[in-house]
Amino acid sequence: AQTVTQSQPEMSVQEAETVTLSCTYDTSENNYYLFWYKQPPSRQMILVIRQEAYKQQNATENRFSVNFQKAAKSFSLKISDSQLGDTAMYFCAFLTLYGNKLVFGAGTILRVKS
Amino acid sequence: DVKVTQSSRYLVKRTGEKVFLECVQDMDHENMFWYRQDPGLGLRLIYFSYDVKMKEKGDIPEGYSVSREKKERFSLILESASTNQTSMYLCASKTAGTGLGNTIYFGEGSWLTVV
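Chains G and X, in that order, give the protein sequences. Residues 1 to 114 in my numbering are what the first sequence spells out, letter by letter. Residues 115 to 229 in my numbering are what the second sequence spells out, letter by letter.
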């Protein structure tokens with residue numbers, strides 16, 4: 001069974017600075033997907049970024065990028081130029097290539113301060 | 115854009131009541147899911163469905179059932195609500211394929227309080 005661990009329950013960052021959220025996972029699969037979801041106070045779960053394990057290149061989406069280390073089973077999220085609207089709970093999640101079950105970490109609360 | 119709609123955002127129900135949570139998606143997705151979210155526990159899968167009238171238990175199915183009579187609609191049923199089912203419930207959907215389409219999309223969530 002797959003597990004996802006987010007070791008930082010809470011983090012804070014000053015506006016315009018950079019912050020990195022950590023995620024590690026455990027799996028015996030070779031091909032899979034990894035995701036970061038953002039859940040603001042409105043509770044809508046929003047997809048931030050996704051990574052296919054068979055791609056070596058790290059995914060980027062505007063100010064969001066990942067550092068995917070397959071051998072280390074690590075998938076961290078870097079947010080550059082943090083904005084107040086980035087304040088949210090962030091979940092790391094894992095999905096097998098042909099699977100249906102998205103496995104989530106416990107989440108990291110990020111607070112961006114002005 | 116994918117739209118997953120949960121009809122009830124906030125509900126208050128009494129212990130023992132039968133509760134229906136409805137979810138509709140507009141992207142012709144084969145797979146639909148119900149998750150429960152509790153502080154410190156992340157999201158836990160209750161049930162998922164991979165086709166009309168087909169379902170599989172997730173990690174915490176006890177006390178819940180589901181119904182999928184049409185492809186676009188997936189209902190979560192609490193036969194006899196209890197206070198430990200007070201939680202946030204999230205519906206989600208995805209295509210059955212792999213590759214770029216293999217992303218799960220979520221609804222806005224339903225807050226259920228059982229008193």
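A virtual CB, placed ideally from N, CA and C, is assigned to each residue, including glycine.
Query                                                                                                                                                               : Result
Is the CB of Arg63 of chain G under 7 angstroms away from at least one CB in chain X?                                                                               : no
Excluding five sequence neighbours on each side, which residues of the same chain lie with their C-beta closer than 6 angstroms to the C-beta of Leu125 of chain X? : Leu226
Thinking C-alpha only, which one of X:Ile191, X:Val118, X:Glu131 is nearest Thr197 of chain X?                                                                      : X:Glu131
What are the residues in the stretch 41-65 of chain G lying within 7 angstroms of chain X by C-beta distance?                                                       : Arg43, Gln44, Met45, Leu47, Arg50
With C-beta atoms as the reference, is Phe91 of chain G less than 7 angstroms away from Tyr33 of chain G?                                                           : no
Opposite Ile174 of chain X in the DSSP bridges: which residues?                                                                                                     : Beta-bridge pairing links Ile174 of chain X to no other residue.
Specify the secondary structure class of Gly107 of chain G as computed by DSSP and reduced to three states.                                                         : coil
Asn100 of chain G touches chain X at which residues, Cβ-Cβ below 7 angstroms?                                                                                       : Asn145, Phe162, Tyr164
Do Arg158 of chain X and Asp173 of chain X count as a contact pair if the criterion is CB distance below 7 angstroms?                                               : yes
At a CB-CB cut-off below 7 angstroms, which residues of chain X make contact with Tyr33 of chain G?                                                                 : Asn216
For a contact defined as C-beta to C-beta under 9 angstroms, what are the partners of Met110 of chain G on chain X?                                                 : At residue 110 of chain G the sequence reads Leu, which differs from the Met that was named. Within chain X, no residue comes near Leu110 of chain G; the closest Cβ sits about 15 angstroms away, beyond 9 angstroms.
Would you give the residue range spanned by the beta strand (DSSP E) that Met141 of chain X belongs to?                                                             : Element bounds for Met141 of chain X: n/a, residue is neither H nor E.
When you compare the CB positions of Met89 of chain G and Gln44 of chain G, do they come within less than 7 angstroms of one another, or not?                       : no
Would you kindly check if the distance between the Cβ of Ser207 of chain X and the Cβ of Val118 of chain X is under 7 angstroms?                                    : yes
Below 7 angstroms CB to CB, which residues in the same chain sit around Leu47 of chain G once its five sequence neighbours on both sides are set aside?             : Phe35, Tyr37
Mind listing, in chain order, the continuous beta strand (DSSP E) runs of no fewer than 3 residues lying wholly within the stretch 63-101 of chain G?               : 64-69, 74-79, 88-96
With a CB to CB cut of under 6 angstroms and the five nearest residues on each side skipped, what residues in its chain are close to Gln51 of chain G?              : Leu34, Ala59, Val66, Phe68
Near Ser114 of chain G, what residues of its chain come up, given a Cβ to Cβ distance below 7 angstroms and the 5 sequence neighbours on each side ignored?         : Glu15, Leu84
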